[in-house]
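Residue numbering for the sequence shown follows our numbering, starting at 1270 and increasing by one per position.
One structure is given below, encoded as structure tokens.
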Amino acid sequence: MWTPLQYTINLHGEVHYPNLLIEHNDLDFGCVLNGTEVTRYVTMVSVSPLPVKYLWVFILDENERNFSFEPQPQTSITFPQLNQTQIQSGPWSENNEQPTTYDNTNLTPKLEEIFDISSFFGTLQSGEIEKSAIRFYGHLGIKAAVKAVCQVENGPVYELYLHGQASYMAYRLNTHELDFGDVHYDKTATRTLTLTNVGSVPLDYHFLNMNNLNDNTQQQQQQQPNAQINVELESGICVSFRSTIITIKFLPNIPELFEKIIYLQVSHFQPDEIRLIGIGIFSRLELNLPRYIMDNSIEKNIL
């Protein structure tokens, strides 16, 4: 009997499509100073065994306002006065004018002039990692919210929401002079300084040359110790529309008049002079009781 010959072939196949893993789906650049730019990075990983070709595009929502502009005051950086608001509307310039408000609501920069992605397109091999730089350009008084879409060839679409705002810097100090009054030479007196951020941009601040202010050598301390100034919250960041309370402590060490000037640097503004005054005193007792002095005594001869 004839039997046909049979062969067996094992077949194996897999179906894949290009796929990416993107680190974020929402990126907020916060509020930056007018005329500056900030860069954030987004990590993309190819998680498919296939090469991945991608392309970024920006999408505007017709139902929402993607851009808005607020009028901005011009820069006013002058010698600070009590309760005067210091304003910086853009990057530092030597030619600063008095504060006037100008209208920027008619400015309409192109979308690519507000947000930029690099690399805008490319190819990732399986397992390859790439960091894309996303930049926000702080046009005058802009508030922007757009959607960036990463299109993968023959694959899915990924959405990344971008938010950014630009504004002016502004702050105010409650005083430029702290009077500690009469302080016992070995006691500490405390006063506070209030820094108020009256703008939308966070402000960094620090006191200048504080190490030199209290830099006493051992020989100087043995001869005549100087007064000590201690600042709590010597540096930091004052967030938008909030106040930071800075505590300054004064220890006279010796009974004498004290007067010093310290400098507070707020962001790119000119340093503020903070005048510190006080008087170190010691306990004294004055009596008006009559003194009995014997005749022919030393006291009698002196008087």
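Heads up, the beta-carbon is just placed ideally off N, CA and C, and yes, glycines get one too.
Check	Outcome
Please go through the segment 1513-1572 and give each complete alpha helix (DSSP H) segment of 4 or more residues, from N-terminal end onward.	1567-1571
Once you ignore the five residues that flank GLU1501 on each side, which residues in its own chain have a CB closer than 6 Å to its CB?	THR1516
Have a look at the DSSP bridge pairing and note the partners of SER1436.	LEU1302
What residues in its chain sit with their C-beta under 8 Å from that of VAL1426, if we drop five residues either side in the sequence?	VAL1418, CYS1419, GLN1420
With DSSP run on the structure shown, which of helix, strand or coil describes GLU1446?	strand
Give me, in chain order, the residues of the same chain whose beta-carbon lies closer than 8 Å to that of SER1223; leave out the 5 immediate sequence neighbours on both sides.	The displayed coordinates of the chain run from 1270 to 1572. Any statement about residue 1223 would go beyond what the structure contains.
Nearest-angstrom Cα distance between HIS1285 and GLY1391?	20 Å
Are three or more beta carbon pairs between the segment 1323-1336 and the segment 1433-1440 nearer than 8 Å?	no
Assuming LEU1409 and GLN1341 are in contact, meaning their beta carbons sit under 8 Å apart, how far apart are those beta carbons, in whole angstroms?	5 Å
Using 8 Å for Cβ pairs, my map puts LEU1393 next to SER1315. What's the rounded Cβ distance?	4 Å
Rank ILE1383, TYR1532, TYR1440, GLU1283 by C-alpha distance to the C-alpha of THR1354 and give the top, closest one.	TYR1440
Could you give the DSSP three-state label for GLU1331: helix, strand or coil?	coil
Using a beta-carbon distance below 8 Å, is GLU1283 in contact with chain C?	Of the protein chains in this structure there is only one, and it is not chain C.
Using alpha carbons as the reference points, say which of GLU1555, ILE1546, ILE1291, PRO1287 lies closest to GLU1399.	ILE1291
For the beta strand (DSSP E) containing PHE1495, name the first residue and the last one.	In the sequence as presented, Phe is not what sits at residue 1495; that position holds Asn. No beta strand (DSSP E) holds ASN1495; DSSP gives it neither H nor E.
Helix, strand or coil: which one does DSSP assign to LEU1472?	strand
Would you kindly work out how many angstroms separate the C-alpha atoms of VAL1452 and LYS1529, rounded to a whole number?	15 Å
Which of helix, strand or coil does DSSP assign to ILE1397?	A quick correction: the sequence has Glu, not Ile, at residue 1397. Looking at GLU1397 - three-state DSSP - the assignment turns out to be coil, as it is neither helix nor strand.
DSSP puts GLY1505 in a beta bridge; with which residues?	TYR1474
DSSP has ILE1411 in a bridge; who is on the other side?	PHE1338
So for ASN1364, helix, strand or coil by DSSP?	Confidence in ASN1364 is poor, its pLDDT being 48 and thus under 50, which makes the residue's placement unreliable; the coordinate value appears in the next sentence. ASN1364 falls in the coil class under three-state DSSP.
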